[in-house]
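Protein chains in written order, with this note's numbering: chain P, 83 to 529; chain F, 83 to 529. Every residue gets a Cβ at the ideal spot worked out from N, C-alpha and C, and that includes glycine.
Protein chains: 2
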Amino acid sequence: MTYAMLDANQLDDLISDGQLGAAATALSALPAGDIAALLDRLSHQARGVAFRLLPKDLAVEVFDDLSAGSQRRLIDDLGTAEVVAAFDHLDPDDRAELLDELPAGVARALIQQLTPAERDVTAVVLGYPRGSVGRRMSPEFVHARRDETAGAALTRVKDRGHAAETIYTVPVLDVARSLCGVVSLRDLLLAEPDEPIADLMSRPMFAHADDDAEATAQRCVDRGILAMPVVDRDNRLVGVLTIDDAVEVVEQARDTDEARAGAREPLREPYLHASILSITRARIVWLFVLAVSAILTVNVLEIFEGTLEQKVALALFIPLLTGIGGNTGSQAATTVTRALATDDVTTRDVVRVAAKEVRVGLTMGSLLGVVGFAVAALVYGVDIGGVIGLTIVSICTMAATVGGVMPLVAKSIRVDPAVFSTPFISTFCDATGLIVYFSIAKAVLGI
Amino acid sequence: MTYAMLDANQLDDLISDGQLGAAATALSALPAGDIAALLDRLSHQARGVAFRLLPKDLAVEVFDDLSAGSQRRLIDDLGTAEVVAAFDHLDPDDRAELLDELPAGVARALIQQLTPAERDVTAVVLGYPRGSVGRRMSPEFVHARRDETAGAALTRVKDRGHAAETIYTVPVLDVARSLCGVVSLRDLLLAEPDEPIADLMSRPMFAHADDDAEATAQRCVDRGILAMPVVDRDNRLVGVLTIDDAVEVVEQARDTDEARAGAREPLREPYLHASILSITRARIVWLFVLAVSAILTVNVLEIFEGTLEQKVALALFIPLLTGIGGNTGSQAATTVTRALATDDVTTRDVVRVAAKEVRVGLTMGSLLGVVGFAVAALVYGVDIGGVIGLTIVSICTMAATVGGVMPLVAKSIRVDPAVFSTPFISTFCDATGLIVYFSIAKAVLGI
Numbered sequence: 083m084t085y086a087m088l089d090a091n092q093l094d095d096l097i098s099d100g101q102l103g104a105a106a107t108a109l110s111a112l113p114a115g116d117i118a119a120l121l122d123r124l125s126h127q128a129r130g131v132a133f134r135l136l137p138k139d140l141a142v143e144v145f146d147d148l149s150a151g152s153q154r155r156l157i158d159d160l161g162t163a164e165v166v167a168a169f170d171h172l173d174p175d176d177r178a179e180l181l182d183e184l185p186a187g188v189a190r191a192l193i194q195q196l197t198p199a200e201r202d203v204t205a206v207v208l209g210y211p212r213g214s215v216g217r218r219m220s221p222e223f224v225h226a227r228r229d230e231t232a233g234a235a236l237t238r239v240k241d242r243g244h245a246a247e248t249i250y251t252v253p254v255l256d257v258a259r260s261l262c263g264v265v266s267l268r269d270l271l272l273a274e275p276d277e278p279i280a281d282l283m284s285r286p287m288f289a290h291a292d293d294d295a296e297a298t299a300q301r302c303v304d305r306g307i308l309a310m311p312v313v314d315r316d317n318r319l320v321g322v323l324t325i326d327d328a329v330e331v332v333e334q335a336r337d338t339d340e341a342r343a344g345a346r347e348p349l350r351e352p353y354l355h356a357s358i359l360s361i362t363r364a365r366i367v368w369l370f371v372l373a374v375s376a377i378l379t380v381n382v383l384e385i386f387e388g389t390l391e392q393k394v395a396l397a398l399f400i401p402l403l404t405g406i407g408g409n410t411g412s413q414a415a416t417t418v419t420r421a422l423a424t425d426d427v428t429t430r431d432v433v434r435v436a437a438k439e440v441r442v443g444l445t446m447g448s449l450l451g452v453v454g455f456a457v458a459a460l461v462y463g464v465d466i467g468g469v470i471g472l473t474i475v476s477i478c479t480m481a482a483t484v485g486g487v488m489p490l491v492a493k494s495i496r497v498d499p500a501v502f503s504t505p506f507i508s509t510f511c512d513a514t515g516l517i518v519y520f521s522i523a524k525a526v527l528g529i
Numbered sequence: 083m084t085y086a087m088l089d090a091n092q093l094d095d096l097i098s099d100g101q102l103g104a105a106a107t108a109l110s111a112l113p114a115g116d117i118a119a120l121l122d123r124l125s126h127q128a129r130g131v132a133f134r135l136l137p138k139d140l141a142v143e144v145f146d147d148l149s150a151g152s153q154r155r156l157i158d159d160l161g162t163a164e165v166v167a168a169f170d171h172l173d174p175d176d177r178a179e180l181l182d183e184l185p186a187g188v189a190r191a192l193i194q195q196l197t198p199a200e201r202d203v204t205a206v207v208l209g210y211p212r213g214s215v216g217r218r219m220s221p222e223f224v225h226a227r228r229d230e231t232a233g234a235a236l237t238r239v240k241d242r243g244h245a246a247e248t249i250y251t252v253p254v255l256d257v258a259r260s261l262c263g264v265v266s267l268r269d270l271l272l273a274e275p276d277e278p279i280a281d282l283m284s285r286p287m288f289a290h291a292d293d294d295a296e297a298t299a300q301r302c303v304d305r306g307i308l309a310m311p312v313v314d315r316d317n318r319l320v321g322v323l324t325i326d327d328a329v330e331v332v333e334q335a336r337d338t339d340e341a342r343a344g345a346r347e348p349l350r351e352p353y354l355h356a357s358i359l360s361i362t363r364a365r366i367v368w369l370f371v372l373a374v375s376a377i378l379t380v381n382v383l384e385i386f387e388g389t390l391e392q393k394v395a396l397a398l399f400i401p402l403l404t405g406i407g408g409n410t411g412s413q414a415a416t417t418v419t420r421a422l423a424t425d426d427v428t429t430r431d432v433v434r435v436a437a438k439e440v441r442v443g444l445t446m447g448s449l450l451g452v453v454g455f456a457v458a459a460l461v462y463g464v465d466i467g468g469v470i471g472l473t474i475v476s477i478c479t480m481a482a483t484v485g486g487v488m489p490l491v492a493k494s495i496r497v498d499p500a501v502f503s504t505p506f507i508s509t510f511c512d513a514t515g516l517i518v519y520f521s522i523a524k525a526v527l528g529i
């Protein structure tokens, strides 16, 4: 058995050493999925070479399994004939995703050479807005009829199965051709041939073609549904969303959330092969915007420069306090952002979230504040200790509340919650935290 | 069609208003998967009530779809009879997961009442270490023999299909009963009955039972494999990892990474129903540890208190500079942590990563440094401008490098990279950044 017999770096070396024969042998010993995964991790040049080393029919299979990004980059350096062959072999939904990646000219050229039938199913998918379920579903499915028997349905599955993306979940249609249930191929196969579909089918979990792809995919994944029927506004079946496509949608969405919680955009290629330029591009804008908004903290401190001059010791605690604020804020922000993604929280819950975070922040602030007071009082005297303790309580409460509410605000004004969460909240908490800190200091120390 | 006809809050209200009849009707109109999703979001008390409202056979199905956490909480307030019924119905891998959740006593009691056969398959799964593929695989599968025909294999699938967790991917065994391929039910069904399996089967992507569950699940998900055969050290088939279980493993792992990048532990229940106490518990330890390590920054500033007293203006830039360092560090850390999770980077790449991040940090630092110099020079004079510019360059380079390398170090000493990433890096960058800042200041300003 062969998996992991060859890793991306070894393959890269083989190719750069010009040992193409060895590379070809090693590659053809792997299953298509593993080859695709390897190619996804290769450098641009090596990917082109490796792909050409594959026997033709294996090549189309592998192309199928590549990420849309790699497909696009690969197309740049493949001959038209190779591209056409690979493109024909794709499922309509993968084809639509790739077309989104390609320059309009190339896309048109590719669509032109499809058979009319293939062009139609692709057009169905392309007809729905980006980010909708319609764009990610497969319009090629086999259905069963409510009024037929398991045997009849099974025969149709066998006849039409070749074209369908999946045959393991069979949507059931009533006389009006609208979705009334699903039956698993398993039940079809294990049932008596004369058993009526109506008895075998179960209530379907389904989606509308213009539903949000991310939310639907998450539902599909959470419940481990192999294929979710997709219907149009009149409840007529238009396609199925298969779990592997759903997983892809969910993973892409989480990559973006994760990246933005880390103040960057997701990389579109494997880290080690991403150029310094593209990595910088994915980060610099965020860093710049955050730095600019952080100038706010400089202005705040200027206001209190007098206070600082009278008691320089106050400066010692600035990073500690802003750090606590930033961490508390990002704890709340990431929690709520995640809860939004999993539908545990909706924008309607803003008050409940705020109420929760106020109490959590207050609890944590009190615990931490007491310790802060004790330590600071011992070293710098009771007055400074008091300032620190009080500031920690206020900052924690404020940061948790802001951090919890921000993602909801973002969502309700149709901004990706992740954009607003962590980084902005820490900057915001830094500035407001400093105001709180020095106001308390002035009050307590009577400066 | 009924999905989303009822949301968790409405159900909660119905139950707390004692409108159980209405709740029962609303519930029984939903597919089991939707009911489970609803129950997962209900408060502890409401969940128990809602579950009892379900007809017995629907109830076991729903229990099956619940998260292990909800199952555990549900068991606390169900009668033994109800529990036993639900427990019997679980697949061995789900059963093993639930048993991990339960107190040893309860677990033993539940295992006792299983049929010997059921107990055996559960024991198989429990025999593998936590976090291994063996723990998440299903030991109930149907196989085909290399030397038989499609027809013969299909018959076996029909006979044994009821017990198996999936029949859509059929592992193929040779005479030595070791894995030599897989054939999809689709190909079995669409093939001529007399076609030999040897011609239908394809090279399998498989895993070893003691492989790491997370890495294997990620592979399975990345390639959209419906079921991955699992073999023991002698390459004998012991089970299959189905994609729905793989997705669960991957999502749990990402929840943990995401949570820790946000300086907290993942919540084990829906946010809105998590108690203030449990939310606080998930955050306070992190916050406390970070706060304590942030005391480092106070000590650093104390060393430079003299410098600060001579030039209080230097204090104004502290939050700005630590902010830039923290953000740069977490950008690099989250990038590399993700690359580790997707196998794009291994601990062996530490030098390549460092080299990359040094250059990225230097690039971003220079861009930002020039702006920083210009702005600061205009407002506070060229000397301060120079200090700020130089400091930004050094901090960005350092933070990016440390942020990129840290996750690899963590991984190589067998610590979850996410633990080390973002929060610790920002604290670390704060302290070192301040040293850099004041050293440069002393040199440039000649204090």
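*Give the residues from the stretch 194 to 208 of chain P that approach chain F closer than 7 Å (Cβ to any Cβ), ordered along the chain.*
none
*Roughly how many angstroms separate the alpha carbons of residue 102 of chain F and residue 172 of chain F, rounded to a whole number?*
27 Å
*asked:* At 4 residues or longer, what runs of the alpha helix (DSSP H) sit wholly inside the stretch 274 to 311 of chain P?
replied: 279 to 282, 295 to 304
*Would a check of beta-carbon distances place residue 344 of chain F closer than 7 Å to chain P?*
yes
*Check whether the Cβ atoms of residue 270 of chain P and residue 232 of chain P sit closer than 7 Å, and answer yes or no.*
yes
*Does residue 533 of chain F get closer than 7 Å to chain P when you measure Cβ to Cβ?*
Here chain F has residues from 83 to 529 only, and residue 533 of chain F is not among them.
*CB-CB length for residue 260 of chain P against residue 317 of chain P, believed under 8 Å*: 4 Å
*Around the Cβ of residue 225 of chain F, are there at least 16 other Cβ atoms within 10 angstroms (buried) or fewer (exposed)?*
Counting Cβ neighbours within 10 Å, residue 225 of chain F comes out buried, since at least 16 surround it.
*asked:* Using DSSP's beta-bridge definition, name the partner residues of residue 348 of chain F.
replied: Bridge partners of residue 348 of chain F: none, in fact.
*When DSSP labels each residue in this structure, what does residue 261 of chain F get in the three-state scheme?*
If DSSP states are grouped into helix, strand and coil, residue 261 of chain F belongs with the strands.
_Selected residue, minimal CA-CA separation from residue 415 of chain F, among P:386, P:486, P:472, P:343_ = P:343
*Give the C-beta separation of residue 255 of chain P and residue 370 of chain F to the nearest angstrom, bearing in mind that I take them to be a contact with Cβ-Cβ under 8 Å.*
Going by Cβ atoms, the distance from residue 255 of chain P to residue 370 of chain F rounds to 59 Å, so no, they are not a contact pair.
*If we call anything under 7 Å between Cβ atoms a contact, is residue 108 of chain F one with residue 88 of chain F?*
It is a contact, given that the beta carbons lie within the stated cut-off.
*Can at least three beta-carbon pairs, one atom from the stretch 373 to 389 of chain P and one from the stretch 351 to 360 of chain F, be found at a separation below 8 Å?*
The answer is no - the stretch 351 to 360 of chain F does not touch the stretch 373 to 389 of chain P, with fewer than three Cβ pairs under 8 Å.
*Residue from F:433, F:314, F:507 with nearest C-alpha to residue 477 of chain F*: F:507
*asked:* Could you tell me the alpha carbon to alpha carbon distance between residue 515 of chain P and residue 454 of chain P, rounded to whole angstroms?
replied: For residue 515 of chain P and residue 454 of chain P, the gap between their C-alpha atoms comes out near 16 Å.
*So residue 339 of chain P and residue 500 of chain P are in contact, right, with Cβ under 8 Å, and what is the actual spacing, rounded?*
4 Å
_Residues of the stretch 440 to 466 of chain P in Cβ contact with chain F at a cutoff of 7 Å, in chain order, please._
441, 442, 445, 446, 449, 450
*So, does the CB of residue 510 of chain P fall closer than 7 Å to a CB anywhere in chain F?*
no
*Own chain partners of residue 184 of chain F with C-beta closer than 8 Å, once the 5 adjacent residues on each side are dropped*: 154, 157, 192
*residue 227 of chain F - DSSP class collapsed to helix/strand/coil*: strand
*asked:* Considering only the alpha carbon of each residue, which of P:352, P:186, P:368, P:335 lies closest to residue 346 of chain P?
replied: P:368
_beta strand (DSSP E) segment containing residue 112 of chain F, residue limits_ = Where residue 112 of chain F is concerned, there is no enclosing beta strand (DSSP E), given that its DSSP letter is neither H nor E.
_Where residue 391 of chain F meets chain P, residues with beta-carbon distance less than 7 Å_ = 394
*Backbone secondary structure at residue 213 of chain P - three-state DSSP*: Here residue 213 of chain P sits in coil by DSSP.
_Can you tell me whether residue 318 of chain P is helix, strand or coil according to DSSP?_
strand
*Given residue 425 of chain F as reference, the closest of F:348, F:365, F:493 once Cα atoms are compared*: Out of F:348, F:365, F:493, F:493 has the C-alpha closest to the C-alpha of residue 425 of chain F.
*Residue-level contact to chain P via CB, residue 153 of chain F, 7 Å cutoff*: False, the Cβ-Cβ gap to chain P never drops below 7 Å.
*For chain P, is any of its Cβ atoms less than 7 Å away from the one on residue 287 of chain F?*
yes
*Starting from residue 487 of chain F, find everything on chain P with Cβ-Cβ shorter than 9 Å and list it in chain order.*
Going along chain P, no residue has its Cβ under 9 Å from residue 487 of chain F, so there is no contact; the nearest lies around 13 Å.
*Buried or exposed: residue 528 of chain P, going by 16 or more other Cβ atoms within 10 Å of its Cβ?*
exposed
*Distance, Cα to Cα, residue 211 of chain P vs residue 442 of chain F?*
36 Å
*Would you grab the beta carbon distance between residue 207 of chain F and residue 219 of chain F for me? Rounded to a whole angstrom, and I think it's under 8 Å.*
7 Å between Cβ atoms; contact.
_Which runs of the beta strand (DSSP E) at least 3 residues long sit entirely within the stretch 92 to 141 of chain P? Give them in chain order._
none
*So with Cβ pairs under 7 Å, would you call residue 491 of chain P a contact of chain F?*
no
*Reduced DSSP secondary structure (H/G/I, E/B, other) of residue 497 of chain P*: If DSSP states are grouped into helix, strand and coil, residue 497 of chain P belongs with coil.
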